Amino acid sequence: MDTLVQLTDVGKQYDSDGSPAVAHVSMEVARGESVAIMGPSGSGKSTLLNLIAGLDRPSSGAITVGGQRVDTLSETGAARYRRRQVGMIFQFFNLLDDMTVIDNVLLPAQLAGMPARQARSRAGELLAALRIGQHKDAYSARLSGGERQRVAIARALVNRPALLLADEPTGALDTATGEAIGELLLDLNSSGQTLILVTHNPDLAARYARRVIEIVDGRIASDACVTGAHR
Amino acid sequence: MKTFPVLSAARGGLSGRRVQAIVIGLVVFGSTAASTLALGLLLDSSAPFNHAFAAQHGADVTTTTTGASPAQLAATTRLPGVTASAGPYPETTVSVTTQVTPSIHVSSGGHAKGTPVTLHQQLTLVGRSSPGGPLDDLTLKAGHWATGPGQIVLSSQSGLNLAVGSQITVTGVPGSPKLTVVGVATSVTGTAQGWVTPAEIAVLHAAGTPEVSQMLYRFSSAATTAAVNADIASIRAALRRGELLGAQSYLTAKAQATSSVAPWVPFIVAFGLIGLAMSVLIVINVVSGAVVAGTRRIGVLKSIGFSPPQVVAAYVLQVAVPAIVGSVAGAVAGNLVAVPMLGQTAQVYGVGSLAVPFWVNLAVPLAMLGLVGVTAAAIALRAGRMSAVQAIATGRAPRPAHGYGAHRLLSQARLLPRPVSIGLAGPFARPARTLVTLAAIVFGVTTVIFGFGLRTSLDRVQADLSHAASEQVQVRAPAELTSGIPGVS
Chain A
1 MDTLVQLTDV GKQYDSDGSP AVAHVSMEVA RGESVAIMGP SGSGKSTLLN LIAGLDRPSS
61 GAITVGGQRV DTLSETGAAR YRRRQVGMIF QFFNLLDDMT VIDNVLLPAQ LAGMPARQAR
121 SRAGELLAAL RIGQHKDAYS ARLSGGERQR VAIARALVNR PALLLADEPT GALDTATGEA
181 IGELLLDLNS SGQTLILVTH NPDLAARYAR RVIEIVDGRI ASDACVTGAH R
Chain B
1001 MKTFPVLSAA RGGLSGRRVQ AIVIGLVVFG STAASTLALG LLLDSSAPFN HAFAAQHGAD
1061 VTTTTTGASP AQLAATTRLP GVTASAGPYP ETTVSVTTQV TPSIHVSSGG HAKGTPVTLH
1121 QQLTLVGRSS PGGPLDDLTL KAGHWATGPG QIVLSSQSGL NLAVGSQITV TGVPGSPKLT
1181 VVGVATSVTG TAQGWVTPAE IAVLHAAGTP EVSQMLYRFS SAATTAAVNA DIASIRAALR
1241 RGELLGAQSY LTAKAQATSS VAPWVPFIVA FGLIGLAMSV LIVINVVSGA VVAGTRRIGV
1301 LKSIGFSPPQ VVAAYVLQVA VPAIVGSVAG AVAGNLVAVP MLGQTAQVYG VGSLAVPFWV
1361 NLAVPLAMLG LVGVTAAAIA LRAGRMSAVQ AIATGRAPRP AHGYGAHRLL SQARLLPRPV
1421 SIGLAGPFAR PARTLVTLAA IVFGVTTVIF GFGLRTSLDR VQADLSHAAS EQVQVRAPAE
1481 LTSGIPGVS
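One line per chain: the protein sequences are A and B, in this order.
Mapping of the first sequence onto our numbering: position 69 corresponds to residue 69, and the numbering continues sequentially without gaps.
Mapping of the second sequence onto our numbering: position 272 corresponds to residue 1272, and the numbering continues sequentially without gaps.
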């Protein structure tokens, strides 16, 4: 197995006197795998995803992604890691509403130093593939929730990240739009994209991931492969 | 650092927050204008006489001579220590009469015109073909310079408060010639009470009186009374006995100006300092507010790979664009406002014209931009150093620990409606910002009270000063009579 993500005894505690958000989590994710991290609200699943994304730092343990220690990176190093290795999709999209769709998608490519022509071509391809190309010059704030999440997916994929992380990607969408976004993530995984998905919805986890890790009170309660659940 | 994404993020921030950009621009504009004016007032109030003296190339020593030939007078300009000179200008003293209609305060609060009265006064007139010159560069406050016969430019310190167009009759001269006031000018050292053309002096000169010339000198050493007395002694030594009728030191004019300015200086200094402090606080408040409002956006930028320096650069650039426009426009506006205000200040001081120093026009906008940049950088750096998750969360709401005690305490106050208690606890969530806002409000209230009080105070000071003021009397006596009297040269 070609391991892409490795967590070793990872813990995260926000308040010194409170209970840990994540405790003693050890797991591995192979390249090309699709993993759903599932659990009730406040179980620590989003915290775990943020730690893997380098958006937050663990209080203990080690996180390695693509052979690189993420937990010891400086802020600038973490920024470099995020722009090169990780694509992140958030529940509430986290788009820059004061920029157009195409500018939102181009920004990570510009940060990664991709040549302008190549970046435009890649962004155009992604927007077309995600059926949002007609809105490329619109401001993201004017789009519907489903359209905005598609823009967020395009932005996450523009640098061809090794790892795609999605935090409740359908949580703010209606059922039909959520289904469509789910299918999109499934397609991406089918084409080899490693995906870690956070959800509190067991059905969603079963449908769009090959492996489901259940988190309860910040600890791994179960880690199981899902068989025959796809499509 | 890759600049394109930084520019792109800054441009997005600017276009998406136009109102915020306009507010920053307006605040920087107002603060730069106020600071330019305040600093101009502060500087000009710190040493108004010195500034006016330097601006008008004032003379250290003004002499009145009689009987000395032009060659002799020219020789005095080459004496050791003389660094600049002007003259000789012909001078005469005339008796004049003029009719004025006094304005009378009436009990209803208005003004009424009184019965015209005739004023008699002696005026020392000097013949000059232009107001400028290497020394005593006169400031023309109204009208124009005398260009022909029958014209006079009155000194603003002449004691005759006549408007341009008024007429003066010269008595004691054949034909009692009439002079029309064509201008009003100020001399920092009060070299004359009026100026006419050099040819006009000959017309106004009373028969049988000696011809008198005025010379102006600057010396390399004239900082003290002793030094000026030594300078005058060197001039006297270069002339024959009795040729030097009188000599006036600039220190006399300085002492008069300083004594009349003294009561105003603390007010002007305080007003200037309050203006500067308010400008700084308001700029810090607005800029920090703008960046704090963008904390969530900073978190988003970080989540897609912006490093802390890139975040700082994007936000500094975002506030710098409106700040640059505001500071340049503010400097221009500050000067436009300063011209009449410093003019009034100069009038209060009675020391000619005052202007905002050139370096202030450079330093204030640069300092204001520096302040904006440092404030934006400090706040953006703080947000940039947060984890992206924390920045996004903080952008949605203040950190939970902040203001919790105040919320809890106020929620127990049964007399207060809940919306009111929530509103009252709000400022405790962002204590630093609340303190800056509070300080700006305190300064604002102080300024308003100070502004209202200032006028009343200055009116009283002026009234007291005018009651106490003494009029200067110029007595010309032959040197034989005055020699040996201490302080008379």
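Think of the CB as a built atom: it goes at the ideal place given N, C-alpha and C, for glycine as much as any other residue.
Just so it is clear, the structure is predicted and the values come from calculations on it, not from any experiment.
Using beta carbons (cut-off 8 Å, strictly below), is residue i in contact with chain A?
i: B:A1388; result: yes
i: B:P1005; result: yes
i: B:A1025; result: A small correction: the amino acid at residue 1025 of chain B is Gly; Ala does not occupy that position in the sequence shown. Output row for B:G1025: interface = no.
i: B:I1282; result: no
i: B:V1319; result: no
i: B:S1411; result: no
i: B:K1254; result: no
i: B:K1141; result: no
i: B:I1379; result: no
i: B:G1403; result: no
i: B:S1031; result: no
i: B:R1017; result: yes
Report the neighbours of residue i on chain B: residues whose CB is nearer than 8 Å to its CB, in chain order.
i: A:L164; result: The premise fails here: A:L164 is roughly 13 Å from chain B at the closest Cβ pair, so nothing lies under 8 Å.
i: A:L126; result: Ordered by position in chain B, no residue passes the 8 Å Cβ test against A:L126, which lies about 15 Å from the chain.
i: A:D103; result: S1008, G1012
i: A:R83; result: I1304, G1305
i: A:Q110; result: K1002, F1004, P1005, S1008
Going along chain A, which residues have a C-beta under 7 Å from residue i?
i: B:I1490; result: This structure cannot settle anything about residue 1490 of chain B, because the visible part of chain B is limited to 1001 through 1489.
i: B:R1297; result: L96
i: B:P1308; result: E75, T76
i: B:R949; result: Chain B is shown only over 1001 to 1489; residue 949 of chain B falls outside these bounds and no answer can be derived.
i: B:G1289; result: The premise fails here: B:G1289 is roughly 17 Å from chain A at the closest Cβ pair, so nothing lies under 7 Å.
Within 8 Å of any Cβ in chain B, is that where the Cβ of residue i sits?
i: A:M114; result: no
i: A:D97; result: yes
i: A:E75; result: yes
i: A:A224; result: no
i: A:P161; result: no
i: A:L130; result: no
i: A:R148; result: no
i: A:N50; result: yes
i: A:L195; result: no
With which residues is residue i paired in a DSSP beta bridge?
i: A:R222; result: Residue identity differs from the one stated: residue 222 of chain A is Ser in this sequence, not Arg. DSSP, once it has assigned bridges, lists A:E214 as partnering A:S222.
i: A:I89; result: A:A166
i: A:R207; result: For A:R207, which the question treats as bridged, DSSP gives no partner whatsoever.
i: B:L1438; result: Note: B:L1438 sits in no beta bridge, so no partner.
i: A:Q6; result: A:E28, A:T64
i: A:L195; result: A:S34, A:L164
i: B:A1084; result: B:R1218
i: B:K1302; result: DSSP, once it has assigned bridges, lists no residue as partnering B:K1302.
i: B:V1212; result: B:T1066, B:E1091
i: B:Q1020; result: Paired residue(s): none; B:Q1020 is not in a bridge.
Starting from the Cα of residue i, find the closest Cα among the options and give me that residue.
i: B:H1407; options: B:L1336, B:G1423, B:V1311, B:D1060; result: B:G1423
i: B:L1160; options: B:T1101, B:V1173, B:K1302, B:H1051; result: B:T1101
i: A:V10; options: A:T3, A:S19, A:G18, A:M27; result: A:M27
i: B:S1320; options: B:P1365, B:M1278, B:L1301; result: The sequence as given places Ala at residue 1320 of chain B; Ser does not occur at that position. It is B:P1365.
i: B:D1060; options: B:L1037, B:A1247, B:H1205; result: B:A1247
i: B:G1087; options: B:Q1099, B:G1081, B:A1074; result: B:A1074
i: B:K1254; options: B:G1384, B:S1008, B:G1190; result: B:G1190
i: B:L1154; options: B:T1186, B:D1136, B:G1148; result: B:T1186
i: B:P1198; options: B:G1013, B:A1227, B:G1148; result: B:G1148
i: B:L1371; options: B:V1212, B:A1277, B:T1065, B:P1005; result: B:A1277
i: B:G1343; options: B:L1041, B:W1145, B:T1036; result: B:L1041
i: B:V1269; options: B:P1005, B:S1008, B:A1038; result: B:A1038
i: B:G1013; options: A:R31, A:Q68, A:D103, A:Y81; result: A:D103
i: A:P20; options: A:S43, A:M114, A:L188; result: A:S43
i: B:L1244; options: B:A1033, B:A1222, B:S1213; result: B:S1213
i: A:S46; options: A:T64, A:G67, A:I89; result: A:I89
Quick one: which chain B residues come within Cβ less than 9 Å of residue i?
i: A:R155; result: I1304
i: A:L185; result: The contacting residues do not exist; A:L185 stays about 18 Å from chain B at best.
List the residues of chain B whose Cβ lies closer than 7 Å to the Cβ of residue i, in chain order.
i: A:A79; result: K1302, G1305, F1306, S1307
Listing by chain order, which chain A residues have their CB less than 8 Å from the CB of residue i?
i: B:I1392; result: N94
Please name the residues in the stretch 199-220 of chain A whose beta-carbon is closer than 9 Å to at least one beta-carbon of chain B, in chain order. none
Residues of the stretch 8-31 of chain A whose Cβ lies closer than 8 Å to any Cβ of chain B, in chain order: none
Under 8 Å, CB to CB, which of the residues in the stretch 52-77 of chain A have a partner in chain B? A53, L55, D56, R57, E75, T76
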